[in-house]
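Residue numbers (our numbering): 1 to 465.
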Amino acid sequence: MSAPQDFNPAFATAAETAEAIHGKRISAAELLDATFRRVDLHNAKINAIVLQCREQAVKRACQADESLAHGERWGLLHGVPVTIKESFAYRGSPSSWGLPPLKDVNSPRTAVAVERLESAGAIVIGKTNVPVMLGDWQSYNSIYGTTNNPWDLTRTPGGSTGGGAAALAAGLGCLTLGSDLAGSVRIPAHFCGVYGHKPTLDLVNTDGFQPGPWDGSPGYPMDLAVLGPLARSAQDLRLVLNAIGGPNGDDATAWSWHMPAPRRMRLKDFRVGYVMDGDFAPVSSDAGKVYEHALAELARAGAAMEPGWPQGIEPQAQLRTFNYLLLAFVNAAATVEPHARWLEETQKRLAYRAMWQKYFESHDVFLLPAGFSAAFLHDPSQPLDQRIIQTPEGPRPYVNTALWSCFATLAGLPATVAPIGRTIEGLPVGVQIIAPMWEDGTSIEFAESLAEIVGGFEAPPGFDE
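As structure tokens, this is what we get:
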């Protein structure tokens, strides 16, 4: 792709930006200067970037320009400014996860996924805000304060990658790197009107994704959580995933990874299953209207549409298994349950994956809501499980925010969120696109094609200058 003649440094995609730099329409140093001017102009309103890496970013941008002048291109993200979630180890900076004792403890090493992003040529301009221990669907803590949604400053951008999604929507960097367990990439993408991708389980190495400094030791074993990108285009998700995916260390001596080609390239050729509402987390009518419009447009485009859950997929049973494994992950269940219980629930998890994979023999993607509501008002009240979210149909339990995210997480499947429109209040709505395991390119391709009929990313008012 060539950068368009009306190249806009603030909101160009990462792919367009890299081509503009490669074509010498703008230098990496010039772009970085423009990016930090936007940070100075807008970041105070949203408090998205909480740690800035100006000195080293300026140095790296100059090196990027020198390399290009000598005919050397570092990679497909050469000179592209990006942000990373505060929870990644990054040399010379803290990864506190919102814990005050860790706020000034710098890491000597950089997480593997971030190293790969830099190896592809990206320039890290800063780290973005998170909730304490990444344990909320808002992004605030006592160290860095509260992050606001650029579409409405009284509302949350989501969590736990809320700072990254807010920065991206506001035009502060071309893409961001986050993590997802209970929707931590997908919900912020949905709330902020950007694209987000939860990769296939174990596709992206998690070493260096931890609280406190990282010394290079193996990462915590993950059976649910993944690391993934957010961007302003589906194409950029593919670009980043190709840069950061695949084995690391000893594993790399035995196997390699490449992203399989998408199953289909045109909307009319996709076989689409979908469920857009459910008793366990009823979708609010304002978001529901946006989903209904998207489904109608898909049918009009000629996609083969089939409503209903795959055979054997019973939502409540899957949610019970997910909740157990989630509690085991944070050690609550593991302290009182025998290991045999974890093995039993893990066996169920793998059986659910097999059911989904069987379904994908006759279907290409499965659509779900990204959440039951659009972005909600800030609410730091405690305890968290007593919070409520107001919808046109009345209050809903706050803890149900992530329930639509659990199905792809439990089965380890890739899931892409794409912006598909806005509510009557003007708040973004995203749809969740699930694909077969290891076929991340299929959900990303569907998201890219979807933009042709419902539109893609739009800049929030007040940040679009």
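A virtual CB, placed ideally from N, CA and C, is assigned to each residue, including glycine.
Contact belief for residue 134 with residue 184 at Cβ below 8 Å, rounded distance in angstroms: With a contact defined as Cβ atoms closer than 8 Å, residue 134 and residue 184 qualify at about 6 Å.
Which residue marks the beginning of the alpha helix (DSSP H) containing residue 55, and which one marks its end? 54–69
Between the Cα of residue 189 and those of 363, 455, 74 and 428, spot the shortest distance and give me the residue it belongs to. Comparing Cα-Cα distances from residue 189 to each of 363, 455, 74 and 428, the minimum goes to 428.
What number of angstroms, rounded off, separates the C-alpha of residue 110 from the C-alpha of residue 289? 43 Å
Residues of its chain near residue 122, where Cβ-Cβ distance is below 6 Å and the 5 sequence neighbours each way are ignored: 77, 80 and 82
Rounded to whole angstroms, what is the Cα-Cα separation between residue 200 and residue 62? 36 Å
Among 38, 87 and 92, which one has its Cα closest to the Cα of residue 55? Minimum Cα distance to residue 55 is reached at 92.
Cβ shell of residue 9 (< 6 Å), same chain only, five flanking positions each side left out: 31 and 34
Identity of the residue in 158, 457 and 441 nearest residue 418 by Cα: The candidate whose alpha carbon is nearest that of residue 418 is 457.
Using 9 Å as the threshold, is the C-beta distance between residue 372 and residue 287 below it? Contact flag set, yes.
Residue 210 to residue 324 span [Cα, whole Å]: Computed Cα separation, rounded: 22 Å.
Between residue 409 and the rest of its own chain, which residues show a CB-CB distance below 6 Å, the 5 nearest in sequence each way excluded? Cβ within range, chain order: 224.
Would you report the Cα separation of residue 384 and residue 147, rounded to the nearest angstrom? 18 Å
Does the structure place the segment 233–248 close enough to the segment 9–19 that three or more beta carbon pairs sit under 8 Å? yes
Since residue 169 and residue 158 should fall inside the 8 Å C-beta cutoff, what is the C-beta to C-beta distance between them, to a whole number of angstroms? Wrong, their Cβ atoms sit about 11 Å apart, outside the cutoff.
Round the Cβ separation of residue 74 and residue 64 to the nearest angstrom and send it over; I've been treating them as touching at under 8 Å. 7 Å
Could you pull the DSSP bridge partners for residue 140 from this structure? DSSP lists 146 as partners of residue 140.
Between residue 3 and residue 352, what straight-line distance do the alpha-carbon atoms span, to the nearest angstrom? Here the model assigns residue 3 a pLDDT of 45, short of 50, so the residue's position is not dependable and the matter cannot be decided.
Beta-carbon contacts of residue 1 that lie in its chain and below 8 Å, excluding the five residues immediately before and after: Residue placement at residue 1 is flagged as unreliable, the pLDDT there being 41, under the threshold of 50; the coordinate-derived value follows with that caveat. Hits under 8 Å: 15, 16, 19 and 235.
Starting from the C-beta of residue 435, find all residues in its chain whose C-beta is less than 6 Å away, skip the five residues before and the five after it, and write them out in chain order. 365, 414, 442 and 443
What separation, rounded to the nearest whole angstrom, lies between the Cα atoms of residue 376 and residue 152? 10 Å
Is it buried or exposed, residue 440, if we count other Cβ atoms within 10 angstroms and call 16 or more buried? buried
With DSSP as the reference, label residue 198 as helix, strand or coil. strand
May I ask you to report which of helix, strand or coil DSSP gives residue 415? strand
Hey, quick one: how far does the alpha helix (DSSP H) through residue 315 stretch, first residue to last? Here the alpha helix (DSSP H) through residue 315 covers 315–329.
Using 8 Å as the Cβ pair cut-off and three pairs as the minimum, do the segment 172–182 and the segment 215–232 touch? yes
What are the boundary residues of the beta strand (DSSP E) that residue 390 is part of? 388–391
Residue 191 in three-state terms, based on DSSP: helix
Backbone secondary structure at residue 380 - three-state DSSP: coil
Residue 432, DSSP secondary structure in three states: In this structure, residue 432 counts as strand in the three-state DSSP scheme.
For the candidate residues 438, 315 and 162, whose alpha-carbon lies nearest to that of residue 279? 315
First and last residue of the alpha helix (DSSP H) that includes residue 359? Unbroken alpha helix (DSSP H) run through residue 359: 339–359.
Give the secondary structure of residue 103 by DSSP, where H, G and I count as helix, E and B as strand, and everything else as coil. coil
Which residues in the same chain as residue 203 place their Cβ atom closer than 6 Å to its Cβ, once the five residues preceding and following it in sequence are excluded? 245
If you run the structure through DSSP and keep just helix, strand and coil, what is residue 445? helix
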